[in-house]
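Q: Following our numbering, the numbering of the sequence shown begins with 1147 at its first residue and continues without gaps. Have a look at this one.
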Amino acid sequence: MSGAKPMTSHIRIPDVSPLVQSVADGSRRIFDFPFPVFRAADLEVRVGEAVIADGFAVRGAGSSDGGAIVFAAAPAAGLRVTIRRRQTYARTDDFLDERAPTPHELNDAVDQNVAALQELAEDASRAVRRSAAADLSRAVDLTLPEPEAAKVLGWNG
């Protein structure tokens, strides 16, 4: 992965999902993503089910407008290309020293938190969950069994 430089100016975090998917056609090498990333290392790229770490460059790290993944070779036709922001969750700012934080530092810290919340919301949107109107007095185990051929998922009664 290349282009892993930290952001140098303030970016805005829009209300957009931090995940995008496309189906490769065998000739296309550039796949856009509409969400900002702070660093190229904040991206997870999958071709099919495989997470890949090289064979592509990242354009647009540090830009509010998103960017693009540029593959060295086009992914095979029919494979799904998934691009998602996956930050490392860690506190990167500490405002306890003798000087007051600048507005830029505060904005960057808030942006990191909003981006993390977007990632968690995107993950949760794909999770098995109960309806908001479900009877909460009734315990339900939503743990999924391991997938098996010729088996279906269902509920009794």
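The beta carbon of each residue, even a glycine, is placed where N, CA and C say it ideally should be.
1) Since I believe residue 1161 is in contact with residue 1233 (beta carbons under 8 Å), could you give me their beta-carbon distance rounded to a whole number of angstroms?
2) Could you tell me the alpha carbon to alpha carbon distance between residue 1183 and residue 1280, rounded to whole angstroms?
3) Could you tell me whether the segment 1209 to 1227 touches the segment 1161 to 1177, where touching means 3 or more Cβ pairs closer than 8 Å?
4) Could you have a look at residue 1239 and say whether DSSP puts it in helix, strand or coil?
5) Counting Cβ pairs, one atom from each stretch, are 3 or more of them under 8 Å apart for the segment 1227 to 1243 and the segment 1259 to 1274?
6) Let me know the secondary structure DSSP gives residue 1251 once reduced to three states.
7) Run the CB neighbour count on residue 1294, radius 10 Å, all protein chains shown included, and call it buried at 16 or more, exposed below.
8) May I have the straight-line CA-CA distance separating residue 1219 from residue 1211, to the nearest angstrom?
9) Specify, as a first and last residue, the run of the beta strand (DSSP E) that residue 1230 falls within.
10) Measure from the alpha carbon of residue 1164 to the alpha carbon of each residue in 1243, 1270, 1203, then state which is nearest.
11) Nearest by alpha-carbon distance to residue 1157: which of 1256, 1296, 1267 is it?
12) Could you check the C-alpha separation between residue 1284 and residue 1252 for me, to the nearest Å?
13) Which whole-angstrom value describes the C-beta separation of residue 1207 and residue 1176, a residue pair presumed to lie in contact below a C-beta threshold of 8 Å?
14) Can you give the Cα-Cα distance for residue 1289 and residue 1192, rounded to whole angstroms?
15) Report the option in 1244, 1248, 1274 whose CA atom is closest to the CA atom of residue 1299.
16) Kindly indicate which three-state DSSP category residue 1191 falls into: helix, strand or coil?
A: Quick answer:
1) Between residue 1161 and residue 1233 the Cβ distance is about 17 Å, and since that is not below 8 Å, they are no contact.
2) C-alpha separation (whole angstroms): 37 Å.
3) Judged by Cβ distances under 8 Å, the segment 1209 to 1227 makes contact with the segment 1161 to 1177, as three or more pairs qualify.
4) Of the three classes helix, strand and coil, the one that applies to residue 1239 here is coil, per DSSP.
5) Touching, yes, given that three or more Cβ pairs across the two stretches are closer than 8 Å.
6) Reduced to three states, the DSSP call for residue 1251 is helix.
7) In summary, residue 1294 is exposed, with fewer than 16 beta-carbon neighbours lying within 10 Å of its beta-carbon over all protein chains present.
8) So the alpha carbons of these two residues sit roughly 25 Å apart.
9) From DSSP, the beta strand (DSSP E) with residue 1230 extends over 1226 to 1231.
10) For the set 1243, 1270, 1203, the Cα lying nearest the Cα of residue 1164 is the one of 1270.
11) Minimum Cα distance to residue 1157 is reached at 1256.
12) When the Cα atoms are used, residue 1284 and residue 1252 turn out to be separated by approximately 44 Å.
13) Residue 1207 to residue 1176, Cβ: 15 Å. No contact.
14) So the two alpha carbons sit approximately 25 Å from each other.
15) Considering only alpha carbons, the answer is 1274.
16) Of the three classes helix, strand and coil, the one that applies to residue 1191 here is strand, per DSSP.
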